[in-house]
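**Student:** Residue 162 in our numbering sits at position 134 of the sequence shown, with consecutive numbering throughout. Please read through the structure below; I'll follow up with questions.
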Amino acid sequence: MTEQPGPQQRIADTIRPAMLNGLQDVELIGDPGTECINEWVDWIAAVVAGQVVQSIAAERDAFADRVDTLTLVARRNQEGCKDATRDVQRLEARVAELEAELTQLRAPGVVLPGPGAELDAGSAAGRPAQSLRDRLRARYPATAAALDRRDAEADPSRNTEGCPDDPNDLPHPLSCPGHDEPVAL
């Protein structure tokens, strides 16, 4: 009896006792021998299939299931990555738009057009500084008209525009030279 590694040893240990008991005093010559040998070959094939092939097939099926699961996860991750990339590009474009708008808002003397209007390059480049009230009129005409009506109804002796200390030509919220009391905005 030889020692064999791993699965071969398990198969040999399963087959050996049955074969030794089953083949005692059996005649292996002629038709009865052929029939007996065929029965043993079938039995050995069943043992090998049961102990080796089925376990290998089960491992293969489990591995295939894991591969399918990982493939599905990888596809979802790729789709998520593509979605995230699109979101990043969209957000970067939006940030660039907002930064450009912020730059225009911070630039002195630039009047931003109303919503939906396009800004031409000449208007953003070299215009002199405008008063805050003029910018308000350009951007929010209804609000500017309401302020003009309020100013017209106010005390005519009160100077709400053209204060030499106010570069934006707005009424001062606090008193200043030439204005006796604070103005409510």
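A virtual CB, placed ideally from N, CA and C, is assigned to each residue, including glycine.
Which residues in the same chain have their Cβ closer than 7 Å to the Cβ of G150, if we skip the five residues on either side of it in sequence?
**Tutor:** Because G150 carries a pLDDT of 47, less than 50, the predicted location of this residue cannot be relied on, and the following value inherits that uncertainty. None.
**Student:** Specify, as a first and last residue, the run of the alpha helix (DSSP H) that G61 falls within.
**Tutor:** Element bounds for G61: 58 to 76.
**Student:** Note down the Cα distance separating R118 from L130, rounded to an integer number of angstroms.
**Tutor:** Cα to Cα, R118 sits roughly 18 Å from L130.
**Student:** By Cβ distance, which residues of its chain are closer than 7 Å to A73, with the 5 residues on each side in sequence left out?
**Tutor:** Same-chain partners within the cutoff: there are none.
**Student:** Please report the distance separating the alpha-carbon of Q106 from that of V95.
**Tutor:** Their backbone Cα atoms lie some 16 Å apart in a straight line.
**Student:** By the three-class DSSP mapping on this structure, what secondary structure does V54 have?
**Tutor:** Note: V54 maps to coil in three-state DSSP.
**Student:** Output yes or no for whether 8 Å exceeds the beta carbon distance between L56 and I65.
**Tutor:** The answer is yes: Cβ separation under 8 Å.
**Student:** A46: which of E67, E125, L100 sits nearest, CA to CA?
**Tutor:** Of E67, E125, L100, the residue nearest in Cα terms is E67.
**Student:** Alpha carbon to alpha carbon, what distance is there between E181 and P169?
**Tutor:** The alpha-carbon atoms of P169 and E181 are separated by roughly 18 Å.
**Student:** Which value, in whole angstroms, describes the spacing of the CA atoms of R88 and A40?
**Tutor:** Using only the alpha carbons, I get a separation of about 24 Å.
**Student:** Between which two residues does the alpha helix (DSSP H) holding V95 run?
**Tutor:** It spans 82 to 134 - the alpha helix (DSSP H) in which V95 sits, taken as one unbroken run.
**Student:** Helix, strand or coil for A170 per DSSP?
**Tutor:** Of the three classes helix, strand and coil, the one that applies to A170 here is helix, per DSSP.
**Student:** Please state if the CB of Q82 and the CB of R38 are separated by a distance shorter than 8 Å.
**Tutor:** Not in contact: R38 and Q82 (Cβ atoms no closer than 8 Å).
**Student:** So, with DSSP's three-state summary, where would you put A182?
**Tutor:** The answer is coil: DSSP assigns A182 none of H, G, I, E or B.
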